[in-house]
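Same order as they appear, the protein sequences are chains W and C.
For the first sequence, our numbering gives the first residue as 175, with consecutive numbering after it.
For the second sequence, our numbering gives the first residue as -4, with consecutive numbering after it.
Ideal Cβ positions, reconstructed from N, Cα and C, are used throughout, including at glycine.
Presented below is the structure to which this report refers.
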Amino acid sequence: MTQQLVRETPSEAGSGTGHSAAAPETAVPVPPASDQASGSWAGSPWAGARRFLAKPGLVLSVLVLALVILWALVPQAFTQWPPDTGVPSSRLKPPSAEHWFGTDSLGRDLFSRVVHGSATSLAATAVAVAVGLVAGSALGLLAGSIRGWVDDAIMRVMDVLLAIPSLLLSLALITVLGFGTINIAIAVGIASVANFARIMRAETLRVSTAVYVEAARSSGVRWHSILLRHVLPNAAGPVLALSALEFGMAVLSISSLSFLGFGAPPPSAEWGSLVAGGRDYLVAAWWLVTLPGVVIAAVVLSTNRISHAFQDSERNRP
Amino acid sequence: MIRYIGQRLLQGAFVLWAAYTVSFLILYLLPGDAVSIMASGDEQNAVDPALVEKLRAEYGLDRPLYEQYFVALFKAFQLDFGLSIKNGVPATQTVAEVLPETIKLAVAGFAVAVLLGSALAVVAAFSRNRWIRQTFSSLPPLGIAVPTFWIGLLLLQFFSFRLRLFPAIGNDGGQSLVLPALTLAIPTSAVIAQLLTRSLRQTLGEPYIEQIRAKGASEALINFGHALRNAAIPTLTMLGILVGNLLAGAVVSETVFSRAGIGRLTVTAVNSRDIPVVQTLVVLAAAIFVITSLIVDLIYPLVDPRINTARGAKV
């Protein structure tokens, strides 16, 4: 613990000087230092791009996520089949060149249903992460900056939320919120509030003891400017890395809850409910359960990989 | 030590009280009217106003909020969480009836998860072949990313329907336990493997390992006698979270395999909006978490003598 503190103190001083050196005249012309200072994504764009391309796993993850987002935005560009109307003559056909993921019991093209379902799944995931991020960060920021009994009260409640498995907490919330995609998204989001609050509080505490914040405070900068100008931007990195991780977890939770039957009613195609729909045809049609599951796993795997890249670039910050 | 245990028990009691209060706030106050939610549980039936009034009086929901809360809390101390909406049986009894099935499932799942997870971590950390090391360390992230219900359905498809090795559904006998336990074990083992691999690699870089090697210890003794023992300790602290994972996994696993248990009870209770049962399950989950973390804190100093939790100091 003490070792960590020793290592962190100069690094904070470093990022403090980095701030003052951000003015164009005083910028030191040493490329590696400058692109490290602003995280691995910005800075010299070529160095960043080269480092990115050197990680094939990461490139693949970004491509998978980009593809799925495109599915959600322009589904008709990826499939010619309608998602909700089936062809009775082609019921339960295995995957082929014509039907990439096969067809279901009503003769609907499964690939088309997965592609069209991604809008619902991704929107629900985005709502869940947004709820967790906004509410959790606000609570963490409040706890970390006001301290005292407010801090104690907020964090004890967060501890209790962490003691209950998040799926169970989501289910309890669904009991009162009701069923449907938006409600399960909100429930999953609330269940992740505690994680965001903890990280945000820790970052707020870390940043508000930094030298440049002390300097700002002693030179008379108001507390809300300190929060907006110094604390929030500097705490953003770890919170964003957590968001990427929570995005993957939210995809899993939402698909689990819609698999359990709490999502949108049929015929709507959400990834979890597609898997649930294939349950009755396990013997006759393996593809109905297997292929939508592969898509879910690929998306979660990709977001987890990207989250790790975020965390690495955070760790490499001076 | 006794003082420490007492202190921890008080903390645990606080968490339980807080979990009860939070779940009370969510379940009874948030909807504004818990009774009409419960009465409208069946979507076919319209809400009967007379029934609502009767239920409201029965649950004391016509009284002021603080009174409702204190009455409910006082009853909760006596393990009375109200009657299940579905059949009028006490909620605690409904839960207690199926709890043994889930305990069986969770214990079996956890045992498999520990074995599988440790095996993965040992190979990933100790193997001399770079290719094997990389393959085995890429498995845990995969296990974490894969939906539990999907694993269950694939196992069901392959082992029950294709090979006909295990029964597809039900609770009878050890045979029916194999696939649900495996479903539960795969994601949990991935978490264990990830933690343990990281911890093992770190331990192998410690100076004392170099010293043992210099003294002429065999690789097997270094790996299993020293590194594994020391690396297992940080994994132990995650036990509370892992047990929570098992509970959440049981919800999915029991639904996929149509097994009776608290997981499936949760799903049916949420479906019929059986608030007393849902609240009992939430408080039970918090209690399990509290007890697990208490056990971990108590055995931690026994496993690692450097740590004295009673004094809260790390030497």
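Just how far apart, CA to CA, sit residue i and residue j?
i, j, result
"residue 181 of chain C", "residue 174 of chain C", "11 Å"
"residue 267 of chain W", "residue 460 of chain W", "11 Å"
"residue 227 of chain W", "residue 418 of chain W", "20 Å"
"residue 327 of chain W", "residue 481 of chain W", "30 Å"
"residue 246 of chain W", "residue 289 of chain W", "7 Å"
"residue 6 of chain C", "residue 367 of chain W", "22 Å"
"residue 465 of chain W", "residue 293 of chain W", "17 Å"
"residue 211 of chain W", "residue 490 of chain W", "Confidence is the limiting factor: at residue 211 of chain W the pLDDT is only 42, short of 50, which leaves the residue's position unreliable, though a coordinate-based value still follows. Computed Cα separation, rounded: 9 Å."
"residue 178 of chain C", "residue 22 of chain C", "30 Å"
"residue 158 of chain C", "residue 150 of chain C", "10 Å"
"residue 420 of chain W", "residue 297 of chain W", "14 Å"
"residue 211 of chain C", "residue 217 of chain C", "10 Å"
"residue 93 of chain C", "residue 231 of chain W", "44 Å"
"residue 3 of chain C", "residue 277 of chain W", "57 Å"
"residue 238 of chain C", "residue 128 of chain C", "28 Å"
"residue 200 of chain W", "residue 400 of chain W", "For residue 200 of chain W, the predicted structure reports a pLDDT of 38, less than 50, and the residue's modelled location is therefore unreliable. A value from the coordinates is still provided. Taking the straight line joining both Cα atoms gives about 23 Å."
"residue 56 of chain C", "residue 45 of chain C", "15 Å"
"residue 452 of chain W", "residue 132 of chain C", "32 Å"
"residue 241 of chain W", "residue 429 of chain W", "19 Å"
"residue 214 of chain W", "residue 140 of chain C", "Note on residue 214 of chain W: pLDDT 46, under 50, position unreliable in the model; the coordinate value appears next. Rounded to the nearest angstrom, the two C-alpha atoms are 25 Å apart."
"residue 8 of chain C", "residue 254 of chain C", "32 Å"
"residue 0 of chain C", "residue 283 of chain C", "17 Å"
"residue 485 of chain W", "residue 478 of chain W", "10 Å"
"residue 354 of chain W", "residue 126 of chain C", "46 Å"
"residue 386 of chain W", "residue 200 of chain C", "36 Å"
"residue 223 of chain W", "residue 243 of chain W", "22 Å"
"residue 289 of chain C", "residue 330 of chain W", "17 Å"
"residue 305 of chain W", "residue 167 of chain C", "43 Å"
"residue 294 of chain C", "residue 433 of chain W", "39 Å"
"residue 447 of chain W", "residue 383 of chain W", "48 Å"
"residue 455 of chain W", "residue 137 of chain C", "26 Å"
"residue 179 of chain W", "residue 245 of chain C", "Because the pLDDT at residue 179 of chain W is just 33, under 50, the model does not fix this residue reliably, and the value given afterwards should be weighed accordingly. Their Cα atoms are separated by approximately 41 Å."
"residue 310 of chain C", "residue 407 of chain W", "Residue placement at residue 310 of chain C cannot be trusted, given a pLDDT of 37 that sits under 50; the coordinates are not used to answer."
"residue 314 of chain W", "residue 375 of chain W", "4 Å"
Check whether the Cβ atoms of residue i and residue j lie closer than 8 Å to each other.
i, j, result
"residue 103 of chain C", "residue 176 of chain C", "yes"
"residue 272 of chain C", "residue 86 of chain C", "yes"
"residue 436 of chain W", "residue 373 of chain W", "no"
"residue 474 of chain W", "residue 422 of chain W", "yes"
"residue 334 of chain W", "residue 377 of chain W", "no"
"residue 130 of chain C", "residue 256 of chain C", "no"
"residue 224 of chain C", "residue 349 of chain W", "no"
"residue 282 of chain W", "residue 260 of chain W", "yes"
"residue 232 of chain C", "residue 194 of chain C", "no"
"residue 457 of chain W", "residue 148 of chain C", "no"
"residue 402 of chain W", "residue 318 of chain W", "no"
"residue 314 of chain C", "residue 240 of chain C", "Nothing about residue 314 of chain C can be reported from this structure: the residues present for chain C run from -4 to 310 only."
"residue 242 of chain C", "residue 342 of chain W", "yes"
Nearest to residue i by alpha carbon, out of the options?
i, options, result
"residue 229 of chain W", "W/425, W/483, W/488 and W/490", "W/483"
"residue 449 of chain W", "C/197, C/56, C/78 and C/143", "C/143"
"residue 416 of chain W", "W/371, W/447, W/263 and W/270", "W/371"
"residue 291 of chain W", "W/332, W/488 and W/445", "W/445"
"residue 116 of chain C", "C/230, C/189 and C/65", "C/189"
"residue 278 of chain C", "C/261, C/266, C/226 and C/293", "C/261"
"residue 425 of chain W", "W/250, W/467, W/342 and W/453", "W/467"
"residue 257 of chain W", "W/443, W/360 and W/276", "W/443"
"residue 265 of chain W", "W/280, W/251, W/274 and W/275", "W/280"
"residue 381 of chain W", "W/410, W/363, W/365 and W/347", "W/410"
"residue 123 of chain C", "C/91, C/214, C/64 and C/52", "C/214"
"residue 60 of chain C", "C/84, C/24, C/69 and C/91", "C/24"
"residue 77 of chain C", "C/95, C/99 and C/53", "C/53"
If we define contact as Cβ-Cβ less than 8 Å, is residue i a contact residue for chain D?
i, result
"residue 296 of chain W", "Of the protein chains in the structure, W and C, none is chain D."
*Pair every Cβ in the region 10 to 19 of chain C with every Cβ in the region 327 to 347 of chain W, then say whether three or more of these pairs are closer than 8 Å.*
yes
*Validate contact between the region 199 to 207 of chain C and the region 149 to 163 of chain C using beta carbons, cut 8 Å, 3 pairs*: Verdict: no, contact absent.
*Contained alpha helix (DSSP H) runs [length at least 4] in the region 308 to 368 of chain W, N- to C-terminal order*: Entirely contained in the region 308 to 368 of chain W, the alpha helix (DSSP H) runs reaching 4 residues are, in chain order, 322 to 337, 340 to 351 and 355 to 365.
*Is it true that the region 385 to 393 of chain W meets the region 93 to 103 of chain C, where meeting means three or more beta-carbon pairs spaced less than 8 Å apart?*
no
*May I have a chain-ordered list of the alpha helix (DSSP H) segments no shorter than 4 residues that lie completely inside the region 50 to 81 of chain C?*
60 to 72
*Which runs of the alpha helix (DSSP H) fall wholly inside the region 130 to 211 of chain C and span at least 4 residues, in chain order?*
143 to 150, 170 to 199 and 202 to 209
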